[in-house]
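One structure is given here, and the rest of the page talks about it.
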Amino acid sequence: MSELPKPSYIGKVRDVYDLGNSLILSSTDRVSAFDVVFRQIVPGKGKVLNKISAEWFSYFKDIPNHIIETDVSKFPSPFKDHPDLKDRSVLVKKCKRIDFECVVRGYLSGSGWKEYKQDGTLAFKKLPPGLKESQKLPEPSFTPAIKNDTGHDENISEERMKNEIGSELFSILKEKSISLYTRAAELVAGAGILLCDTKFEFGISEDKVILIDEILTPDSSRYWAQESYVIGTTPPSMDKQILRNYLEKSGWNKVPPAPDLPESLIVELQAAYKEIQDRLLKCLSQEST
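According to the numbering used here, the sequence shown is numbered sequentially starting from 59.
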C-alpha cells in the first residue's frame, strides 16, 4: 500500500488533495463549531457525511454537480483503495467556488429566530409580527451568507449578494437553492423528518453553475423529527446543532482554545448522526425503487 501524500489543504473537517484538474475531498471525523475545531473527534462522522451527501447528489442528478467518482477503488494511484480514504472520500471536479453560502430556511430557528426576535426581520426582510420559535415560514426563505476567510461567516441581504455577483447569477443561485430545499423537504417529510434549514454551495465549471461541497448532511442542515416538533420550542436536533446547543449553554466565548467535549456528548452526536443517516438513506432508497 502506497503512503498517502499529505493533504494539499486541511480544512476544519475535510482534507483536500489537489490532483491538478480534480480534487479528492475526504471527510474526517473532526468536529467544528463556530469556526473552531475541537480536540475530540466523533468516530465514524466523516463516513456518515460522505454517504449522505453522495446519495443526495445522486438523487438530484438533474442538477449538475462536481462529483466525478465516489468509489475509492476507481481513484487514481496512490489514492486508489487507500484505507484512510475508503467510504469517506469523493473525487470531484476542480472549479471556481462562488464565495457565498446559499442558505434556505423553512422554519424560524437558529440565527434566523435571533434576528426575528431582535428586529422582526429574516435576512433583513420584514416578517409578520407574532411568529414563534420553530414556526414554519409561509414559504422557504433564501437567506444568504458570505464566506469569510477569517472569522465567522456573515449573514447578508439578498441585495448585497445581488450587487456583488450580479442579478443573473444571483437569480440562478436563489432559484436552484429554493428548488433543492423544497424537493428535499417534501421527500423527507414522508419519513417523518422536518428539514428546518440547509445551505448549498455552488461553483463555476466550464462557464456553468454546478453544485459543490456537501449537500443536505447533518453538518450543513438542521433536521428535526416530526414526532418531537413543537412550535414555540427548540425541537431536539438530529444534526450538529446538538453540539452548538451544548456550547451555547457552556459559557464558552466561541474563540480558541476550544473546550474539551464530554464523552456523553460525543456518544449523543454519534447516535444522532447514525439515526439521521438511517432515516435519510431509507427514504432515498424507497424513492429510487
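Backbone N, C-alpha and C define an ideal beta-carbon position, used for all residues, glycine too.
Query	Result
Can you tell me whether residue 291 is buried or exposed, with buried defined as 16 or more other CB within 10 angstroms of its CB?	exposed
Rounded to whole angstroms, what is the Cα-Cα separation between residue 122 and residue 309?	43 Å
From 295, 313 and 91, pick the residue whose C-alpha is nearest to that of residue 329; which is it?	295
Excluding five sequence neighbours on each side, which residues of the same chain lie with their C-beta closer than 7 Å to the C-beta of residue 261?	124, 153, 154, 155, 156, 268 and 270
Grouping DSSP H, G and I as helix and E and B as strand, with all else coil, what is residue 114?	helix
Under 7 Å, do residue 335 and residue 130 count as touching if we go by C-beta distance?	no
I need the DSSP call for residue 104, collapsed to helix, strand or coil.	helix
Would you call residue 266 buried or exposed, if buried means 16 or more other Cβ atoms sit within 10 Å of its Cβ?	exposed
DSSP has residue 165 in a bridge; who is on the other side?	194
In three-state terms, what does DSSP make of residue 127?	strand
Could you tell me which uninterrupted alpha helix (DSSP H) segments, each at least 4 residues in length, are contained entirely in the segment 275 to 333, listed from first to last along the chain?	299 to 308
I need the straight-line Cα distance from residue 288 to residue 264, nearest angstrom please.	46 Å
Just grab the DSSP bridge partners of residue 259 for me.	270
Which residues does DSSP pair with residue 200 in a beta bridge?	162
Is it true that the CB of residue 100 sits closer than 7 Å to the CB of residue 89?	yes
For residue 215 and residue 199, I'd like the C-alpha separation in whole angstroms.	12 Å
State yes or no: is the C-beta of residue 239 within less than 7 Å of the C-beta of residue 325?	no
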